[in-house]
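Protein sequences appear in the order of chains A and B. The numbers in the numbering used here rise by one with no breaks, and the one at position 75 of the first sequence is 75. The numbers in the numbering used here rise by one with no breaks, and the one at position 447 of the second sequence is 782. Taking it in order: structure first as structure tokens, then the write-up.
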Amino acid sequence: MLSFLIRRLATFIPTFIGVTVIAFAFIRLLPGDPILLLAGERGVSAERYAELQHQFGFDQPVWRQYIDYVIGIFHGDLGTSFSTKRPVLDEFMQLFPATVELGLCAIVLATLIGIPAGVIAAVNRGKFFDQALMSSALVGYSMPIFWWALLLIIVFSGTLGWTPVSGRMGLQYYFDTPTGFMLIDSLLSGQSGAFRSAVSHLILPTIALATIPLAVIARQTRSAMLEVLGEDYVRTARAKGMSPLRVNGVHALRNALIPVVTVIGLSVGTLLAGAILTETIFSWPGIGKWMVDSIFRRDYQVVQGGLLLIALVVMIVNLIVDVLYGFINPKIRKG
Amino acid sequence: MKKLVALSLAAMLMGSAASAANLVYCSEGSPEGFDPALYTSGTTFDASARSVMNGLVEFTRGETATEPGLAESWEVSEDGLEYTFHLRPGVRFHTTDFFTPTRDFNADDVIFSFERQGKEDSPYFAMTPAATYEYYNSMSMPDLIKSIEKVDDMTVKFVLNRPEAPMIANLAMPFASIVSKEYADQLIAAGTAEMFNQKPIGTGPFKFVDYQKDAVIRYARNDEYWQEPAAIENLIFAITPDASVRYQKLKAGECHVMPYPNPADLEAMKSDPNINVVSREGLNVGYLAYNTQQPPFDKPEVRKALNMAIDKQAIVDGIFQGAGAVAKNPIPPTMWSYNDAVVDDAYDPEAAKAALEAAGVSDLSMKVWAMPVQRPYNPNARRMAEMIQADFDKVGVKVEIVSYEWGEYLDKSKAVDRDGAVLLGWTGDNGDPDNFLAVLLGCDGVGNANRAQWCNEEFEDLIQKAKVESDQAERTKLYEQAQVVFKAQAPWATIAHSVVNEPLSNKVEGYKIDPFGGHVFYGVSLTE
């Protein structure tokens, strides 16, 4: 197990270097000069332009800027946003919990519904439930998130008035947020009704964000189950007279879960992408919205720092998934 | 303190979701920071200067005219070079849980507020990391201000390098807000200078309480305000980037005021009994600038003929969807000196065709530049370019539409030898006609903000005279005349002014649309 971990960690290094290069190059390859964008219609004189270039360090050769950036990373300094004038890492740490909270809720919802739905569909292959589920999964998978999110708001908040329209917390509640996770902070605040408000604000964005992973997980579970249900050992288990619940739920599902766990791990990347739209619609103060704003402003430091941190998170989650694999399927540990 | 505010907030909100004392504004975006000197965006000014701070001079609420602010009165010397301001006594900066002033506002604060932006050797210049003072620079303050002198504790003298009548209007702009020197000194001593841009202190009607990044900004009423305290006790900005969601929040009673509605939603909003939509022309103009140094556009009669070929009403109807009005002058109607007597070139393709022939122009093909971004003065430049293309086609002029990335577009369109006419626009800074006419059409702007590359002696003479004249009635006459010259020479096709629509809850009273595109909540109240 230890050597497996070390081997996996070793692959981290080239990936990490690759990410620094891509993050650095990406924003610089986009057309658009941050200083000209900052100035807008008002424009900027040639002298002032040169002054600003110097101040932001854009007059340095590109390789020099890259080296400064990498040196910064090793000192834990990801630079300062030129729009907010705040350290990139501070901003990230402030916003990231909101994204994690929403992402976790979405992945939990997607898993809790997706796996049982996939299993039931597989067991009832070709029957009504199976077909209904698979067609709704297709719809869910192809739904444009911004449209779906808006529809949820119009129906559940606008027409029915069941949930708040957007935000993370009712405005009448005001308390410190030491963890950044509203579900936890609202409990810590001791204000009655705050937790309830946090939950009610989470419902719609969670559904919107969970829709695509839910569809993917349900489909993946179904096809993995179908494969496993055809195996000899399942037939044997059935022949031995085991209850269908035990055969399907324990023998078959455990083996079917391996590809499903992969999909869940991979959907972390999808979730972060989906978070950009979900966060914008629901006014959710997370890193998705932050990254988009920064790209529009060509805020180099935020984009390269933010991309690096997000990539790091995805890499760590994938590492965890790999370790989980090892537990589910010992063959991989040795492979 | 936080707990205290929380308790009082909770107490106030107990029972009803939105108490009469709390106004929620669904703002469209996050402020970049809270020091208005560092930024140029309206979103940031709403959250800082317009709520928390005052200037020496203030814009009269809802107008482009100015009135005394932290300066009670001022005198201008004969030669127009010296401005002496008499400061208002007994004004206090905000007392909050992060700052308590020990003295009243005085001349040191005024000098500090300007020198930190203009004096590179000032210890305050680089107080905020990566600080740049773009508005101070783009309003030419470094060239304009020779010195700022403290005459006594309550008197400050600005000495200019040249007479500049718009100076007073400049001082009412957000970048010229007066901030506390004592607060800055305290932060620097504590090694937390960066807080100056995160927790603002001013003299304004609202005190900053807290900002949760990208989510909520909270303000409390300043009960020691030097004018009548605000009617609203708590002002809350609920940051809501999506226009459809802002509308849903307004409908659900989660906010009282929302900016920038989708034009498509306006009809439904107007028919909702709980929502009032207030409208007003914005302080901007969208135009098509010919390159007046490129033949055949160097002939006024050719430019005028093309102007007659453009169906502006169709553009306004099709592209602005109720959020625009046809423009005939280069300045918007909300601005003083707007010349309503000017007659626009009426849409007449037949006459346009004849005029082109008379000018000896045939088989003309040209480029029209379409901006890649949405602006208030032009929500869809690509579509606008296509409509102009179709209009010009009817008079036998072939159009090729070109576009570039926004930064590149702004840069390339400045070139004197640029090929083609450019769609662009301008939003006013200080409400002074000089800010449109001199910046966009003056001879100094050729190769720069003057996209028409137009330098006309008669026009230049008028605007230069107006720049140094301090009598407003006299200036108005000069600018009115300049607009007549502009129309006769037609360096631009003036296309549209945006119409700003602001949906409000019907509980909101006394709200006035700010002609500068800002959102001002002093003077606003809520009914039960």
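Think of the CB as a built atom: it goes at the ideal place given N, C-alpha and C, for glycine as much as any other residue. Source: prediction; values computed, not measured.
With a threshold of 9 Å between beta carbons, is residue i in contact with chain B?
| i | result |
| --- | --- |
| Gly-335/A | With a pLDDT of 47 at Gly-335/A, under the threshold of 50, the predicted position of this residue should be treated as unreliable, though the coordinate-derived value follows. No, no contact with chain B. |
| Ile-154/A | yes |
| Ser-3/A | no |
| Leu-36/A | yes |
| Phe-282/A | yes |
| Thr-11/A | no |
| Glu-101/A | no |
| Asp-293/A | yes |
| Ser-142/A | no |
| Arg-298/A | yes |
Is the Cβ of residue i closer than 9 Å to any Cβ of chain A?
| i | result |
| --- | --- |
| Ala-341/B | The pLDDT assigned to Ala-341/B is 47, lower than 50, so where the model puts this residue is not dependable; a value taken from the coordinates is nonetheless given after this. For Ala-341/B, the answer is yes, since a Cβ of chain A falls inside 9 Å of its Cβ. |
| Ala-345/B | Residue placement at Ala-345/B cannot be trusted, given a pLDDT of 43 that sits under 50; the coordinates are not used to answer. |
| Gly-760/B | yes |
| Glu-367/B | yes |
| Thr-467/B | yes |
| Leu-405/B | no |
| Gly-364/B | yes |
| Ala-352/B | Any answer about Ala-352/B is weak, because its pLDDT of 40 lies below 50 and its placement is not dependable; what the coordinates show is given next. Yes, contact with chain A. |
| Glu-393/B | no |
| Asn-505/B | no |
| Lys-337/B | Unreliable positioning characterises Lys-337/B in this predicted model, as indicated by a pLDDT of 47, which lies under 50. A coordinate reading is not provided. |
Among the options, which has the Cα closest to the Cα of residue i?
| i | options | result |
| --- | --- | --- |
| Gly-404/B | Met-508/B, Val-580/B, Phe-434/B | Met-508/B |
| Arg-615/B | Pro-594/B, Pro-608/B, Glu-529/B, Phe-632/B | Pro-594/B |
| Thr-159/A | Lys-586/B, Pro-630/B, Ile-503/B | Lys-586/B |
| Arg-385/B | Phe-510/B, Ile-446/B, Thr-435/B | Phe-510/B |
| Val-795/B | Gly-777/B, Ile-552/B, Val-803/B, Glu-529/B | In the sequence under discussion, the amino acid at residue 795/B is Glu, which differs from the Val named in the question. For the residues Gly-777/B, Ile-552/B, Val-803/B, Glu-529/B, the minimum Cα distance to Glu-795/B belongs to Gly-777/B. |
| Ser-512/B | Asn-532/B, Met-502/B, Gly-537/B | Gly-537/B |
| Glu-721/B | Pro-850/B, Pro-711/B, Val-734/B, Pro-714/B | Val-734/B |
| Ser-135/A | Arg-246/A, Ala-215/A, Gly-43/A, Val-261/A | Ala-215/A |
| Phe-543/B | Tyr-459/B, Asn-609/B, Asn-505/B, Thr-430/B | Thr-430/B |
What is the DSSP secondary structure of residue i, counted as helix, strand or coil?
| i | result |
| --- | --- |
| Asn-318/A | helix |
| Tyr-360/B | strand |
| Thr-84/A | coil |
| Thr-419/B | strand |
| Arg-710/B | strand |
| Ile-483/B | strand |
| Phe-12/A | helix |
| Ala-406/B | strand |
| Leu-160/A | coil |
| Leu-171/A | coil |
| Phe-74/A | helix |
| Lys-542/B | strand |
| Trp-704/B | strand |
| Leu-813/B | helix |
| Phe-794/B | helix |
| Val-303/A | helix |
| Ser-860/B | strand |
| Thr-435/B | coil |
_Complete alpha helix (DSSP H) runs within the stretch 733-760 of chain B (minimum length 4 residues, chain order)_ = 741-747
*Contact set between the stretch 706-719 of chain B and chain A, restricted to residues whose Cβ is under 9 Å from the partner*: Arg-710
*Which ranges would you report for the beta strand (DSSP E) in the stretch 609-666 of chain B if only whole runs of at least 3 residues count?*
610-616, 619-624, 659-661
*Kindly provide the ranges of any alpha helix (DSSP H) runs that are 4 or more residues long and lie completely inside the stretch 545-591 of chain B, ordered along the chain.*
578-586
_Interface residues of the stretch 567-598 of chain B facing chain A [CB-CB below 8 Å]_ = Ile-571, Ala-573, Ile-574, Thr-575, Pro-576, Asp-577, Ser-579, Val-580, Gln-583, Lys-584, Lys-586, Ala-587, Glu-589
_Which residues of the stretch 734-745 of chain B have a Cβ closer than 7 Å to any Cβ of chain A? Give them in chain order._
Glu-740, Trp-741, Gly-742, Glu-743, Leu-745
*Compile a chain-ordered list of the residues in the stretch 442-472 of chain B whose CB is closer than 8 Å to at least one CB of chain A.*
Thr-463, Pro-464, Ala-465, Ala-466, Thr-467, Glu-469, Asn-472
*With 9 Å as the C-beta to C-beta threshold (strictly closer), list the residues of the stretch 29-58 of chain A near chain B in chain order.*
Leu-30, Pro-31, Gly-32, Asp-33, Pro-34, Ile-35, Leu-36, Leu-37, Leu-38, Ala-39, Gly-40, Glu-41, Arg-42, Gly-43, Val-44, Ser-45, Arg-48, Glu-51, Leu-52, Gln-55, Phe-56
*In chain order, which continuous runs of the beta strand (DSSP E) of length 3 or greater are located wholly inside the stretch 820-854 of chain B?*
827-840
*Along the stretch 162-187 of chain A, what residues have a CB closer than 9 Å to any CB found in chain B?*
Pro-164, Val-165, Ser-166, Gly-167, Arg-168, Met-169, Gly-170, Leu-171, Gln-172, Tyr-173, Tyr-174, Phe-175, Asp-176, Thr-177
*Interfacial residues, the stretch 775-796 of chain B to chain A, with Cβ spacing under 8 Å*: Asn-783, Ala-784
*Residues within the stretch 64-89 of chain A neighbouring chain B, beta-carbon criterion of under 9 Å*: Thr-80, Ser-81, Phe-82, Ser-83, Thr-84, Lys-85, Arg-86, Pro-87
*Fully enclosed by the stretch 20-56 of chain A, which beta strand (DSSP E) runs are 3 residues long or longer?*
none
*Check each residue of the stretch 478-490 of chain B: if its Cβ is closer than 9 Å to any Cβ of chain A, include it; give the result in chain order.*
none
*Can you check the stretch 247-299 of chain A for any alpha helix (DSSP H) of at least 4 residues that lies completely inside it and give the ranges in chain order?*
253-281, 287-297
*At a Cβ cut of 7 Å, what residues of the stretch 197-225 of chain A count as close to chain B, listed as they run along the chain?*
none
*asked:* Restricting to runs no shorter than 4 residues, where is the alpha helix (DSSP H) found entirely within the stretch 439-514 of chain B?
replied: 442-453, 469-473, 476-479, 502-506
_Closer than 8 Å between beta carbons: that is the criterion. Which residues of the stretch 527-549 of chain B meet it against chain A?_
Glu-529, Asn-532, Gln-533, Asp-545, Gln-547, Lys-548, Asp-549
*asked:* Closer than 9 Å between beta carbons: that is the criterion. Which residues of the stretch 552-564 of chain B meet it against chain A?
replied: Arg-553
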